[in-house]
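What the sequence shown shows, in my numbering, is residues 1 to 338, in sequence order.
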Amino acid sequence: MDYVRDAWYVASWSHELKDRLIRITIMGENIVLFRSSDGIISALEDRCPHKSLPLSRGRIIDDAIQCGYHGMTFGSDGKCIRIPGQDNIPETAFVKTYLIVEEYNIVWIWMGNKEKADTNNIFKLPQFDDPAWKAHQGDALYFKSNYLNVAENLVDPAHVSFVHPTTLGNPEGENVKVEVDTSGDIITAWRWIRNAPPVGFFQSFGNFSGNVDRWHYYYLHMPSIAVIDFGSASSDLKIKEEERHKGVRVFAIHLLTPVSETECIDRWMHLRNIQTENDEVGASMDAMFRIAFDEDKEILEAIQEEELNSSSRKPVRLAIDKAPNVYRIRIKKMAANH
Ligand SMILES: [Fe+2]
1 MDYVRDAWYV
11 ASWSHELKDR
21 LIRITIMGEN
31 IVLFRSSDGI
41 ISALEDRCPH
51 KSLPLSRGRI
61 IDDAIQCGYH
71 GMTFGSDGKC
81 IRIPGQDNIP
91 ETAFVKTYLI
101 VEEYNIVWIW
111 MGNKEKADTN
121 NIFKLPQFDD
131 PAWKAHQGDA
141 LYFKSNYLNV
151 AENLVDPAHV
161 SFVHPTTLGN
171 PEGENVKVEV
181 DTSGDIITAW
191 RWIRNAPPVG
201 FFQSFGNFSG
211 NVDRWHYYYL
221 HMPSIAVIDF
231 GSASSDLKIK
241 EEERHKGVRV
251 FAIHLLTPVS
261 ETECIDRWMH
271 LRNIQTENDE
281 VGASMDAMFR
291 IAFDEDKEIL
301 EAIQEEELNS
311 SSRKPVRLAI
321 DKAPNVYRIR
331 IKKMAANH
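Written out as structure tokens, the structure reads:
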């Protein structure tokens, strides 16, 4: 599996971290997370160097982790601070630690060389702080699918007509060509479906009486974060590409964490430019996204299962695959740079 190590990944939503030990797995590495009494989050290798019991099976005592087997205790810096029954603490008694940063209620972890970590590169959108927008956290959706296939799906506007017929797509989009721009760091794929009935999502949140112009812009940030800017505006307005703010506009953000060669987690959230004060709108959008993302999950898990069967066939490549193909090439390059 091609993993890009020098990157910030989501370890958890802030609210997932209460006053207990949490075990997570990223790129096959088991990590234990906990929040100290001062609010700071620590991330340690989840394996006691003594008998290999995961430290997450132990407990938190005075902001340190006590192993659940013989009580060896590790501070948030990974160093052993106590070995019951002996005074001498050998130099080898430590566990690996990871850098953690918490921003906008998201817990980020750096999986690579610590010297290369730059907190300025942590993903954020200007709209996170913009009062005209409302950000709303959704779920942590577990996929039995490798993260690359899921990321491809998130730079692929063409699938919505077929996979999400009641929420994000409708048949009017089936033959509309996908535009792609791969000139910058962010891979972009988009299309407009002009003068068509609103899809289920915008029937619910748009209050439209006639046809609409609908856009889907997929922005894939390397290595595994997607922002999908989609919305609708009455076709009478004939809005231009740069006038999307005039419509009902939603950003769906997918923060992918590679778990293993066959699993990942998609923490998704959304931002909206309508009814920003009404929390019920956020919750109903969640409900509609859950329908849609479960449809993606079903497909991507079936694909993963099928890919585990060997095949000598080379996949057929289509015009709509341009953005996913560029994504794969970039991932290979970035993964090889370690
Ligand atoms: Fe989808």
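Every residue, glycine too, gets a C-beta built ideally from N, C-alpha and C.
Classify residue i: buried if its beta carbon has 16 or more other beta carbons within 10 angstroms, exposed otherwise.
{"i": "Phe162", "result": "exposed"}
{"i": "Leu168", "result": "buried"}
{"i": "Glu241", "result": "exposed"}
{"i": "Ser312", "result": "exposed"}
{"i": "Tyr147", "result": "buried"}
{"i": "Lys351", "result": "The first residue shown for the chain is 1 and the last is 338, placing residue 351 beyond what the model contains."}
{"i": "Ser52", "result": "exposed"}
{"i": "Asn153", "result": "buried"}
{"i": "Thr73", "result": "buried"}
{"i": "Thr92", "result": "exposed"}
{"i": "Gly58", "result": "buried"}
{"i": "Pro126", "result": "exposed"}
Who does residue i pair with in a DSSP beta bridge?
{"i": "Tyr142", "result": "Ile265"}
{"i": "Leu255", "result": "Ile225, Arg267"}
{"i": "Ser311", "result": "According to DSSP, Ser311 bridges with nothing at all."}
{"i": "Leu33", "result": "Ile22, Ala43"}
{"i": "Gly231", "result": "Trp215, Arg249"}
{"i": "Cys80", "result": "Phe74"}
{"i": "Asp130", "result": "BP columns for Asp130 are empty, so no partner."}
{"i": "Phe202", "result": "DSSP output for Phe202 lists no bridge partner at all."}
{"i": "Arg191", "result": "His216"}
{"i": "Glu277", "result": "Answer by DSSP bridge pairing: none, since Glu277 is not bridged."}
{"i": "Ile167", "result": "The identity of residue 167 in the sequence shown is Thr, whereas the question assumes Ile. In the DSSP output, where bridge partners are listed per residue, Thr167 has none listed."}
{"i": "His136", "result": "His270"}
Can residue i be considered in contact with ligand 1, in the sense that its beta carbon sits closer than 6 Å to one or more heavy atoms?
{"i": "Ile250", "result": "Looking at the sequence itself, residue 250 is Val, so the reference to Ile does not match. Checking every heavy atom of ligand 1 against the Cβ of Val250, none is found closer than 6 Å."}
{"i": "Val180", "result": "no"}
{"i": "Asp213", "result": "no"}
{"i": "Ala163", "result": "Before going on, a small fix: residue 163 reads as Val here, not Ala. Result yes, Cβ under 6 Å from ligand 1."}
{"i": "Asp296", "result": "yes"}
Indicate whether residue i and residue j have their beta-carbon atoms separated by less than 7 Å.
{"i": "Val150", "j": "Leu300", "result": "yes"}
{"i": "Ser14", "j": "Val101", "result": "no"}
{"i": "Asp286", "j": "Gly78", "result": "no"}
{"i": "Ile187", "j": "Val10", "result": "no"}
{"i": "Asp2", "j": "Lys333", "result": "no"}
{"i": "Arg23", "j": "Ser76", "result": "no"}
{"i": "Ile320", "j": "Val178", "result": "yes"}
{"i": "Asn211", "j": "Ser232", "result": "no"}
{"i": "Gly112", "j": "Asp185", "result": "no"}
{"i": "Val32", "j": "Asp46", "result": "yes"}
{"i": "His270", "j": "His136", "result": "yes"}
{"i": "Ile193", "j": "Gly206", "result": "no"}
{"i": "Tyr98", "j": "Ile109", "result": "yes"}
{"i": "Leu220", "j": "Val155", "result": "yes"}
{"i": "Gln304", "j": "Lys144", "result": "yes"}
{"i": "Arg35", "j": "Ile26", "result": "no"}
{"i": "Val199", "j": "Asn175", "result": "no"}
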